[in-house]
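Heads up: the structure comes next, in structure tokens.
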Amino acid sequence: MFVSGCASVLFLALAQPAPSALPKLQLDSFPPPTRAAIARPYALATAHPDDVNAVGALARALHAWEQWNAAHDTYVRAHALAPRSFEWVYLDGVVLQRLARQREAAASFEQAGRLRPDYLPARLKLADALLESGDLDASARLFEALAGEASATPAAEFGLGRIDAARGRHETAIDHFERAIALFPEFAAAHYAVAQSYRAVGRRADAQAAIARHQQYGARWPGVDDPVLTAVTALRDDGQARLQEGVRLAERGDTAGAIAAHEAALTIDPSIAQAHANLISLYAKQQNWDKAEEHYRAVVALGVNLADAHYDHGVMLGMQDKWPEAAEAYRQAIAVNPRHARAYNNLGQALERVQDVAGAADAYRHAVDNQPSFRVARFNLGRMLIARGNYAEAVRELETLTQPRDAETPRYLFALGTAYVHAGRREEGIKWATDAGALAREFGQYELAAAIDREIARLK
Amino acid sequence: MSAHVKNTHARLFFVSFVSFVSLVAAAQPGLRPRQIFIESAAATGLTFTHMNGATGKFYMPEIMGAGVALFDYDNDGDLDVFIIQGGPLEPAGARDSSAAPTSRLFRNDLTIDANGRRTMHFTDVTDRAHAGVRGYGMGVAVGDYDNDGYLDLFVTAFGSTTLLHNNRDGTFSDVTKEAGVGDTAWSTSAAFFDYDRDGYLDLFVAHYIDFTLAGNKQCADSAGSRDYCTPRAFRPVPDRLFHNDGRGHFVDVTEAAGILTAYGNGLGVAVGDYDGDGWLDVYVANDATPNQLWINQKNGTFADEGLLSGSAVSAAGNPEGSMGIASGDFDLDGDEDLFVTNIVGETSVLYVNDGHGAFEDARARVGLAAATAAFTGFGTDWIDYDNDGWPDLFVANGAVNIVETQRGQPRPYRMHDQLFRNLEGRRFEETSASAGPFFALREIGRGAAFGDIDNDGDVDIVVTNNGGPVRLLLNQGTAGNHWIGVRLEQEPANRFAIGARIGIERAGRPTLWRRVRTDGSYLSASDVRAHFGLGPSPSIDAIVVQWPDGRTERWTGVSADRFVTLRRGTGKP
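Quick mapping for you: the protein sequence lines, in order, are chains A and B.
The first sequence begins at 1 in the working numbering and counts up by one.
The second sequence begins at 461 in the working numbering and counts up by one.
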């Protein structure tokens, strides 16, 4: 019996892997805010390496501070100490996915799913990890089940589409992608994927249109609430995190919130030049010129991020109708970065305000030379060429703006029509103006459309 | 003792003896399996250390590294080495001063005795060759732009580009101004190729971002430590296409050719016929912005099909790091596929061509995703390192942001390079661990050039390291497989037939296709000769050449295990 007992103990010891060691961290290598955030949980975990709460707290801190490998090692230990806890194995899967170790991530999400079968983000992430590691059958089964859950449907349809596309079944892939897009029209990845399938079945025009929408929507993705992960990212409260929060708020149009976040970043770390630089334009939006100027001077004193600082300073001055000063600010931006296309464009606008048409045309020319895809700069150049009587050259520049057809295009087409008329090619000018009017109406630009109609009537 | 017992004892003794011998063999260095690659730079006199001019201000050029070219500058039949140098970034003017380091040209003094024993030595001939380019160099392109039978050099830079004309007497002349290819935007990879089939090599130059020292930005890594910015902190600069007018001069045709309609943060350039229509196209790897696939419209213009082709971004529609390019037919189906290196956490990508310019992101399917997840890759190419007939992969790795486990150490961007064996076009198996001690070395790998440096029938590699020494990897491991090296010659134009395709036809086996090229990889230029591994059988039914102008010729009766030069007009149409 003693032998059996020993054998049982031995068997159990062999079956349960020993918890992995805690990572050894070089705390001195971290900047002070990071060191402060990690040092305490590290000390506690080191002092109590078998305490799952201490180890888990360290793992979450490392995760929040994006020390991925160390976070993974620590989550593994936490999970070994508390194998029935969902949190550690799930978060380990998230970290593994971030490290692009998809098979291991899938294994973690599978375990997590057994512990909490109802946690939607874990199910979605498992399906994704299986797809990325090439296990299409298993991934498809999961996405099919998820397609019935409202908040997960767009991502699930997208996943099913990718699987069908990978198998060459592009017609059904298109169905899935189109359903995903119908539910979440800004789903950039779905627009890209459906473009590939459209191309594969010969629908090239549809593919090109889908590519255009993909480029329009950037990286937007249908999110699913993930409170377990959110609790980790909320741990991070340093200057950089506040700066990123400020940038996100600014993108959403919440200027006041963005300012507060940026100021909070600077309270934590006054040396974050980008925070100062962003606050120039944010305060300018509120017409708080003194604060904007204060942050401009702070960036200049730091000696970095100067091109954008001078540029934003120019914008601020322009908002106050201080055009000569704005022009000088843009010139300073250009001196720092001679290829700053936006600074050249805005310099052109400032020079127009002071009636320097030649200077404005030259500035717009530089903007276009440095960034040929800068449509509004080319439009401005075209206007200056018309103003200076260079109609043929204006036509050449403005003709490049006829595609794509977006909300800016009506005025570009109208300018092109104007250039043609001035160049003596009246019928072509009327044609482009008519096109401009129709497009303006499509985009709900009724005042512009009416102005164009009046001009066409006058010409006729 | 019975006979059975005696025999059993004998067998046991034999097994024990064999086990003992194996144990001893494993302990004896001389009895270990042969290394595939032996690092031999210092031993052969190829001594060079890159200077990145790191200032502590995290200027972007400091992290980029530089390239290397393998080319036969003196036409003596072996590959010489031209290595690009960086330099000081401060104070202003330092990189152009006479005290600043320059690029270096090393002549290969390879000798092969009557027994076939090779002795290789490199001699630094930079000064006598006038090949020392000053300034903050980045990359190099190789091509005979004036059709005099000698390969010339185009050097890109954070600063002014340089065109070095090979004078055919062991020296070079800077003809940048006369040739009209001076360019001060931050240039990276470049490629000579004849896009309009007029017999003169034109020039495509990739540009990176609008970074200036004065416009430097303060960026941090994920832990808040000061680190190099992502290129997204700056704006991309359009690439350039220069048309060779045949009189030693180039004309900037960028806008006329349509190249201004799309651009990103250009780092890698590869030329190939990606849509299979017989005309050369250009693939540009852009860092953190969508890649371009410039399809030749056959009328002097190009159209960007990157996004539509599936080769511009990941399968999820996200732009990736995209630094180095390996362009070639890895699955022996006759078209040109693309392997593009990305940054850590993205995985490098294999875009498999359907033969018509549509690509599948196959990284997970072929086993490359998991193997490259922990690495930031740069220089790369398809090389059949074991001559089994299947193109394998080498990747030079090195981080661009602080490696988590090296935090607090000097130069915390070090990674080891990787070697992958191609398993008959279906999957890749990493063989780094058995390829030699070099592959355990962690450095900051950047450029890589490929070619048979010792002319022994296998492909060798030169690797540059950012702020570190150059490495020469001599291939020792072809396991008795057969090979053939092909050099093309034609006159009067495009004398090295850059852009031609060579096919080795073998009965019952797929044709092996290679393009005559020097471009691809990262900032680097490789041997213009095409190398083919043939596997265990040396038989070659025929060699087919598709010349750059579209005409085809065929040679039979060519035997393996040597270099051959095929002159246009000596084969059968």
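Ideal Cβ placement from N, Cα and C applies to all residues, glycine included.
For phenylalanine 618 of chain B, the enclosing beta strand (DSSP E) starts and ends at 612-618. Leucine 853 of chain B and glycine 917 of chain B have their C-alpha atoms roughly 17 angstroms apart.
Excluding the 5 residues flanking it on each side, cysteine 679 of chain B has same chain C-beta neighbours closer than 8 angstroms at Phe518, Arg686, Asp687, Tyr688, Cys689, Thr690 and Ala693, in chain order. Beta-bridge partners of glutamate 890 of chain B (DSSP): B:Phe880.
Apart from the 5 residues on each side of it in sequence, valine 357 of chain A sits with its Cβ closer than 7 angstroms to the Cβ of Met384, Ala387 and Arg388 in its chain, given in chain order. The Cβ atoms of asparagine 69 of chain A and glutamate 864 of chain B lie closer than 8 angstroms to each other.
DSSP places tyrosine 119 of chain A outside both helix and strand once states are collapsed to three, so it counts as coil. For the region 127-138 of chain A, the beta-carbon criterion of a distance under 8 angstroms to any beta-carbon of chain B is satisfied by Glu132, Ser133 and Gly134. Listed along chain B are Leu767, Val773, Ala776 and Gly777, each with a C-beta nearer than 8 angstroms to that of tyrosine 192 of chain A. At least 8 angstroms separates the CB of alanine 301 of chain A from every CB of chain B. Within the DSSP bridge table, the entry for glutamate 104 of chain A names no partner. Taking C-alpha positions only, valine 635 of chain B is separated from asparagine 926 of chain B by approximately 28 angstroms. Going by beta carbons, asparagine 941 of chain B and aspartate 848 of chain B fall inside the 8 angstroms limit. Under DSSP, glycine 995 of chain B forms a beta bridge with B:His942. At a cut-off of 8 angstroms between beta-carbon atoms, glutamate 66 of chain A makes contact with chain B. Membership of asparagine 345 of chain A in the alpha helix (DSSP H) is indicated by the continuous run 341-353. Excluding residues up to 5 positions away in sequence, Ala173, Ala193, Gln196 and Ser197 lie with their Cβ nearer than 7 angstroms to the Cβ of alanine 165 of chain A in the same chain.
Annotation for serine 649 of chain B: the continuous beta strand (DSSP E) segment containing it runs 647-653. Interface annotation for the region 803-819 of chain B against chain A: Gly805, Glu806, Thr807 and Ala818, criterion Cβ-Cβ distance under 8 angstroms.
Taking every protein chain shown into account, the CB of aspartate 821 of chain B has 16 or more other CB atoms within 10 angstroms, so this residue is buried. When only Cα atoms are considered, leucine 160 of chain A and glutamate 144 of chain A end up about 7 angstroms apart. By alpha-carbon distance to leucine 933 of chain B, the top candidate from B:Arg961, B:Glu965 and B:Ala895 is B:Ala895. Using beta-carbon distances, glutamate 884 of chain B does not count as an interface residue toward chain A, since no partner is under 8 angstroms.
Chain-order list of chain B residues neighbouring threonine 34 of chain A: Ala683, Gly684 and Ser685, by C-beta distance under 8 angstroms. Around the beta carbon of asparagine 535 of chain B, a 10 Å sphere encloses fewer than 16 other beta carbons of the protein chains shown; the residue is thus reported as exposed. Remark: C-beta atoms of glycine 718 of chain B and alanine 745 of chain B do not approach each other more closely than 8 angstroms. Phenylalanine 542 of chain B is not a Cβ neighbour of valine 585 of chain B, given a cutoff of 8 angstroms. With a beta-carbon spacing of about 7 angstroms, glycine 858 of chain B and arginine 874 of chain B fall inside the 8 angstroms limit used to define contacts. Residues Phe664, Val713, Thr714, Ala717 and Ile719 of the same chain have their beta carbon placed closer than 6 angstroms to that of leucine 701 of chain B, with the five preceding and five following residues left out of the count. Under the Cβ criterion (8 angstroms, minimum of three pairs), the region 762-777 of chain B counts as touching the region 204-214 of chain A. One Cα belongs to phenylalanine 618 of chain B, the other to serine 558 of chain B, and the distance between them is close to 18 angstroms. Runs of the alpha helix (DSSP H) lying entirely within the region 137-218 of chain A, each at least 4 residues long, are 153-166, 170-183, 188-200 and 204-217 in chain order. For isoleucine 334 of chain A, none of the residues of chain B pass the 7 angstroms Cβ criterion, the least Cβ distance being about 10 angstroms. For proline 31 of chain A, the chain B residues whose C-beta falls within less than 9 angstroms of its own C-beta are Ala680, Ala683, Gly684, Ser685 and Arg686, listed in chain order. For the region 302-314 of chain A, the residues whose beta carbon sits under 7 angstroms from a beta carbon of chain B are, in order, Val304, Asn305, Leu306 and Ala307.
The region 638-653 of chain B makes contact with the region 614-630 of chain B, as at least three CB pairs between them are under 8 angstroms.
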